[in-house]
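Residues in the sequence shown are numbered consecutively from 32, following the working numbering.
Working notes for the structure below.
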Amino acid sequence: MSSEEEKLTALYARRQEILKDLSEVDTSIKHLENEIQMKATEAARRTIDENKSGNVDLDRVNEVIANCVRDATGLRDALKVVEACRYVQEFGKEDDAARQKITFRNVFMQECIRHALNLSNDANGSELMQHLVPLLRSGTVSATMGDVSYDPTTNEHGLSEVLLLISELSADIVSVACNTNGARVSQRIIDALCTHEEFDVYTKLLEPSIVDVAKDINGNHSLSKLIISSRFCQLGDTNKSTSGAVAIYERIFRQIADNCLDICKNRQGCCIIQKCLQHAPDPYHTTIINTVLNNSLKLVQDPFGNYVVQFILDKQQEIDSANRDDGHDGAMPKAPNYTNQIIRQMLHHVAELSCNKFSSNVIEKCLRTSSPDVRQLLVDELTAPHVLPKLLTDSFANYVIQTAISTASDDGQLTQLRDAIIPLQSLLKNSPYGVKIESKLSRRHREAARRLLKKKEVITSVTQAPAQQEPLLPPYMPPQGMPAIPMISPDASMGQQVSFTNMNADMTSFLQPQRMIGMPFVLQGQQMISIPNGPPPSFAMSMINSSGLPEYR
């Protein structure tokens, strides 16, 4: 056996020993995990036993909550209890058996509210809270912790379990919103808000941390949910609630408007600003959009701020209609043109911005959404001789040139681009983007030629005299020596000649119907043929004798 084979055999043997050791390590790990799980279970049981109050319902609820946090089996059992509470809440009036469980339902709800912070931040507990929060009763007065005598099927006294939950979380409501598991619970709480009192308490707790929540990767979802909530947007619809709604809106939108630029430049914050542009009431809407427009030159070069500017370019009509006052009876004021205001900020910087990774997307959007006159200003800057060579070979600006070719609104703009690019074909051949630019130029040139040809065809068809109507029968040349019978044309004049064989040459045509042996003699199309006028010849035996009839003997 060679030395290489011996080394290979030794390596195989070593690998087998390592695999055996790994197997033993895996067994030890599983054994220790089981021991830790058993100790945790025993500790949880001891805690439950120590905290037993003698109230059967309360002890059962605490056991369900503890098991829910511990494992998936406990979570399934807890969700079954939630469904039982839903049944009690919906059918407690009709079903006596369900009505007897109202007290247990109230105990379960209040104990979950008592442990809301720990449950919301736990993976299993968060799932339980997401199913439980939609069942909480809404009202104007907070329910009292420990009082389980109220009837959730009627809620005559307007007791609010939602207010009880918000009050229990209190200052921790921001930490729940910014937690990975708690963010979903926070969104369910926002969905459950119904009354002014609930919105008022929630926004007071959220107000000091609005900017932090808007920029948080988890918290921004809760704030976005609040801004687009239909109940939140309709708070000021009635005269009775106008003053309260103004205070609630100010707590949310004042902070956002004052920190608009900072929020725009954040990955999550730029999404919040877009929601505010659609749903924020005045004067906060005007403040936010004016701040964005006045700083658009800075924002278009920002990795996240450029999305806010693009949103305004895309959604100008939606943003404007969301901010209009429908209460005016007279003519509506002319809507401001946000696209032109943004382009005005970027003029004389178009070539520079086209070479930027983020602002080049905004320039392309401006080319697509602007009017032809405003687009011409952009094309003029893009085709300037001292910047075009750089733009054609730049990794970002070449897309701007392609978009300019695709969006050229008339033959003048297309000709201007083509005349500026063609002398630089040597640059395009050496550029990886030249093929696409030339392809777009060729396509637009073919489209323009096709439109011009179609236009000429339309003009020709309109100005050209109508073609002479073709005769019903094709022209026909009779054989030599065969007499022709004239036909009557549609205008009652003699038309083209048609020959009939086996007819005498002295037959004449006539216009008036004639009779032959007492019956009209006509051809289809009112073409009639007659025999010579005059009385028929008298019959004589000589006619028979002179004929070629055979003789019969």
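Note that CB positions come from ideal geometry on N, CA and C, so glycine has one too.
All figures in this text were calculated on a predicted structure; none of them were measured in a lab.
Give the straight-line distance between the Cα atoms of His227 and Val277, rounded to the nearest whole angstrom. Near 11 Å, if we compare the C-alpha coordinates of Val277 and His227.
Take every Cβ of the stretch 105 to 121, pair it with every Cβ of the stretch 53 to 71, and state whether three or more of those distances are shorter than 8 Å. Judged by Cβ distances under 8 Å, the stretch 105 to 121 makes no contact with the stretch 53 to 71, as fewer than three pairs qualify.
Rounded to whole angstroms, what's the CA-CA distance from Leu42 to Lys61? Just pull it up for me. One C-alpha to the other measures close to 29 Å.
Could you pull the DSSP bridge partners for Ser401 from this structure? DSSP output for Ser401 lists no bridge partner at all.
In the structure shown, what three-state DSSP assignment does Ser33 receive? Coil, per DSSP.
Using DSSP with H/G/I as helix, E/B as strand and the rest coil, what is Ser157? Helix, per DSSP.
In this structure, does DSSP put Val172 in helix, strand or coil? Note: Val172 maps to strand in three-state DSSP.
Are there three or more Cβ pairs, one per stretch, closer than 8 Å when the stretch 369 to 377 is compared with the stretch 297 to 313? Counting Cβ pairs under 8 Å, fewer than three are found: no touch.
Would DSSP call Ser492 helix, strand or coil? DSSP places Ser492 in helix when its eight states are reduced to three.
Using the Cα positions of Val193 and Val164, report the straight-line distance between them to the nearest angstrom. The alpha-carbon atoms of Val193 and Val164 are separated by roughly 8 Å.
Neighbourhood of Val95 by C-beta, 7 Å cutoff - its chain only, sequence neighbours within 5 removed: Excluding sequence neighbours, Val95 sits near Asp108, Ala109, Val112.
For Gly189, is the classification buried or exposed, using 16 other Cβ atoms within 10 angstroms of its Cβ as the cut-off for buried? Flag for Gly189 reads exposed.
Using the Cα positions of Gly443 and Glu238, report the straight-line distance between them to the nearest angstrom. Between Gly443 and Glu238, the C-alpha separation is close to 55 Å.
Return the residue from the list Tyr233, His379, Ser390, Arg449 that minimises the CA-CA distance to Ala428. If we check each option's Cα against that of Ala428, Ser390 comes out closest.
Exposure label - Leu448; buried when at least 16 CB within 10 Å: Buried: at least 16 other Cβ atoms inside 10 Å.
Return the residue from the list Tyr280, Arg481, Thr400, Val339 that minimises the CA-CA distance to Cys650. In the structure as shown, the chain begins at 32 and stops at 584. Residue 650 is therefore absent and cannot be evaluated.
Please list, in chain order, all residues of the same chain as Thr134 whose beta carbon is under 7 Å from its beta carbon, the five residues on each side excluded. Excluding residues up to 5 positions away in sequence, Asp88, Val179 lie with their Cβ nearer than 7 Å to the Cβ of Thr134 in the same chain.
Quick one: using the 10 Å Cβ neighbour count with 16 as the cut-off for buried, is Met176 buried or exposed? If you draw a 10 Å sphere on the C-beta of Met176, you find fewer than 16 other C-beta atoms in it, and that means exposed.
Which residue marks the beginning of the alpha helix (DSSP H) containing Ile248, and which one marks its end? Taken as a continuous stretch (DSSP letters only), Ile248 belongs to no alpha helix (DSSP H), as it is neither H nor E.
Just verifying my parser: in three-state terms, what is the DSSP assignment at Leu50? Correct three-state label for Leu50: helix.
Collapsed DSSP secondary structure at Leu196 in the structure displayed: Helix, per DSSP.
Compute the Euclidean distance between the alpha carbons of Ser33 and Gln47, then round it to the nearest angstrom. In this model, Ser33 and Gln47 are separated by some 22 Å (Cα to Cα).
If contacts are defined as beta-carbon pairs under 8 Å, then Asn210 and Asn251 qualify, I think. What distance do you get, rounded to the angstrom? That pair is no contact at about 13 Å.
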